[in-house]
Amino acid sequence: MIPWDRREPAHAVALVRVAFGLAIAGHLGRMWATGAWRWIWQGTADGGLVSLLHTPIGWIGGPTPGNVEAVMALGIASGLCFALGLLTPLANLALAWSWAALTGLGPNAGGSYDYLGGAVLWVLLFSGCGGAWSIDAAIRVRLGRPPAEAYAAARWLLCWQLVVMYDSTAWHKLSSGWVPWGSLDVLWYVLQQPTWHRFEMSWLAPLYPLTQLGTLMTWCFEHSSPLLVLAAWFRHTRARAGWLRAQFNRVDFRLPFLAFGLVLHVLIEVTLEVGSFSLFTLGLYAACFSGEELRRALTRRRPA
Amino acid sequence: MSRGNWSDPTVQGEFESWSRLLGVQSEALQDWTYEAAVAVSTARRALLVPFDDYLDATGTRQGWNMFVGAHRFPTRAEIAVREGYTWTTVFRERDAEASWQAARFDTERMRASIFAWGWPSGVKHWTSACKTFAAALFEERSGIDAVRCQFIKARTPTAAEARAGTAPEGEAVFVRVVTRP
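Chains U and R supply the protein sequences, listed in that same order.
Here the first sequence stands for residues 935 to 1238, where the numbers follow this note's numbering.
Here the second sequence stands for residues 42 to 222, where the numbers follow this note's numbering.
Dropping the structure here:
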């Protein structure tokens, strides 16, 4: 079992921290720059498009234009501080609250990345993610104190969150266009949909069989995600006996799995507009490796 | 969950495919699926009640229904203004020629909203949004006397049709017209 107080170098959760801090600051910055927030996060009396839902912004008087602007400013500033690791726990708390206060306001005006952001930020709050690659950590070093370590249990929770997300979305994909015995045409149709694609993609028609292959591979990839946490666990306990553990540890399953995921998310990002989803998900990939593994890998690559 | 959305030809096509595969009537499969989904949703809802305050405060719900199927009959939002007797399209999704407020419409949150409003369950919000679009356009352009918001719903061409350069005809749905007060 995972001892809840077991510590490890903070490098893995620190990478997750940087990814989420930058992605959220960038996302809120775009909402601000385009003015889209005036339509999405304002009530109809203030120029918004639809009636809003209740969120923690109600604690400060509701989504008035001034309040929404203040929470967005707080979100952007705390996102940047969080990525830099400046006053990390405070920035983390402010960012998680801002995200919860804003993203639930507009009915239908969001996506699964809203939930992913919320879930991950609250776990990071208790992870010790400011212990590496942060201004806080640099200050500790300057003060002659040892680097702060992170809770390994938090990283395992983040890895589990990634698997829950992938596997759950795979079980939602029951359309006849997704399943291997079906038409495997979902990718073709998604890429033709004006709501989601970045640019017109009917030019893909001669490559239709490739989109079918992509559909099948995506479905298999997502369904195989539970093996990711199993592989990480077998890697973590590789000193123990067992045939299955030995087989898993002959090749590190995490590497091909995450490499496929990286390609998939880069292609999604290039062709579709789905918000911060890909950045969030790729950020979580760091949680599939222990802080020790990441630190070792980076130290090995550092020139002498 | 809205059963009204099941009237959409994309959803009906899914049920047709599965009813053929399972060897049952499509209507019977839809009734059974709806009853099962209502039962599961009700049970899930009841189980989550003790956690509602926590989930609302933290925004940590788990919802992963992403691209669950192929939307074969998607919608494309359009906004047009009338000046005299002439309608001019000022916005059409992913159209550089009709790009009123395109920077806002292009954000992922507006895309998600418009996707939802193109289903029967989203019409209420589409109607509300159209009033805001109209108010903004009336303020910007003094010569216009009406604003029309609608979706063009068309079957997406298959790859073979796209190769042949043919595209199915679409039809206007959820048409809303707001006249200058």
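Note that CB positions come from ideal geometry on N, CA and C, so glycine has one too.
A residue is called buried when at least 16 other Cβ atoms come within 10 angstroms of its Cβ; residue 1128 of chain U meets this threshold and is buried.
Residue contact check for residue 939 of chain U against chain R: no CB pair falls below 8 Å. Going by beta carbons, residue 1149 of chain U and residue 1105 of chain U fall outside the 8 Å limit.
Along the region 59–136 of chain R, the alpha helix (DSSP H) occurs as fully enclosed runs of 4 or more residues at 67–89 and 93–99, listed in sequence order.
One finds nothing in chain U with a Cβ atom closer than 8 Å to the Cβ of residue 73 of chain R; even the nearest lies about 14 Å away.
Contact note: residue 213 of chain R does not reach chain U at a C-beta cutoff of 9 Å; the least C-beta distance is about 15 Å.
Within the region 1043–1075 of chain U, the runs of alpha helix (DSSP H) at least 4 residues long that lie entirely inside it are, in chain order, 1046–1059. Contact between residue 1163 of chain U and residue 1094 of chain U holds, since their C-beta atoms are separated by about 6 Å, short of 8 Å.
Burial is judged here by how many other beta carbons sit within 10 angstroms of a residue's own beta carbon; residue 184 of chain R has fewer than 16 and is exposed. Counting C-beta pairs closer than 8 Å gives three or more between the region 1047–1055 of chain U and the region 1211–1226 of chain U, which meets the contact rule. Taking 8 Å as the upper bound for CB-CB distance, residue 1169 of chain U and residue 1183 of chain U are in contact here, some 6 Å apart. Beta bridge pairing from DSSP links residue 190 of chain R with R:120 and R:217. In its chain, beyond the 5 residues on either side, 56, 57 and 60 have a beta carbon closer than 6 Å to the beta carbon of residue 67 of chain R. If you check each beta-carbon in the region 98–118 of chain R against every beta-carbon of chain U, the ones closer than 7 Å belong to 98, 99, 100, 101, 102, 103, 104, 105, 106, 107, 108, 109, 110, 111, 112, 113, 115 and 117.
Around the Cβ of residue 1107 of chain U, a 10 Å sphere holds 16 or more other Cβ atoms; the residue is buried. Listed in chain order, the non-local C-beta contacts of residue 955 of chain U below 6 Å within the same chain comprise 1013, 1016 and 1017, local neighbours out to five positions each way being set aside. The beta carbon of residue 82 of chain R does not come within 8 Å of any beta carbon belonging to chain U, so the residue lies off that interface. Within the region 149–162 of chain R, those residues whose Cβ lies closer than 7 Å to any Cβ of chain U are, in chain order, 149, 150, 151, 152, 153, 154, 155, 156 and 157.
For residue 1161 of chain U, the three-state secondary structure derived from DSSP is helix. The alpha helix (DSSP H) runs lying completely inside the region 978–1036 of chain U and spanning 4 residues or more are 999–1018, given in chain order. Flagged as an interface residue toward chain R: residue 1052 of chain U, by a C-beta distance shorter than 8 Å. Across the structure, residue 999 of chain U and residue 125 of chain R are spaced so that their CA atoms are roughly 36 Å apart. Cβ atoms of residue 1109 of chain U and residue 1120 of chain U come within 8 Å of each other, at about 6 Å. Counting only the Cα atoms, residue 1024 of chain U lies some 21 Å from residue 1080 of chain U. Within chain R, the residues placing a beta-carbon under 8 Å from that of residue 965 of chain U are 148 and 150, ordered along the chain. When DSSP states are grouped into helix, strand and coil, residue 212 of chain R belongs to the strand group. Counting along the chain, no alpha helix (DSSP H) covers residue 142 of chain R, and no H or E run does either. Residue range 1177–1184 is occupied by the alpha helix (DSSP H) that includes residue 1177 of chain U. Look at the beta carbons and you see the region 984–991 of chain U not touching the region 174–182 of chain R: under three pairs across the two are nearer than 8 Å.
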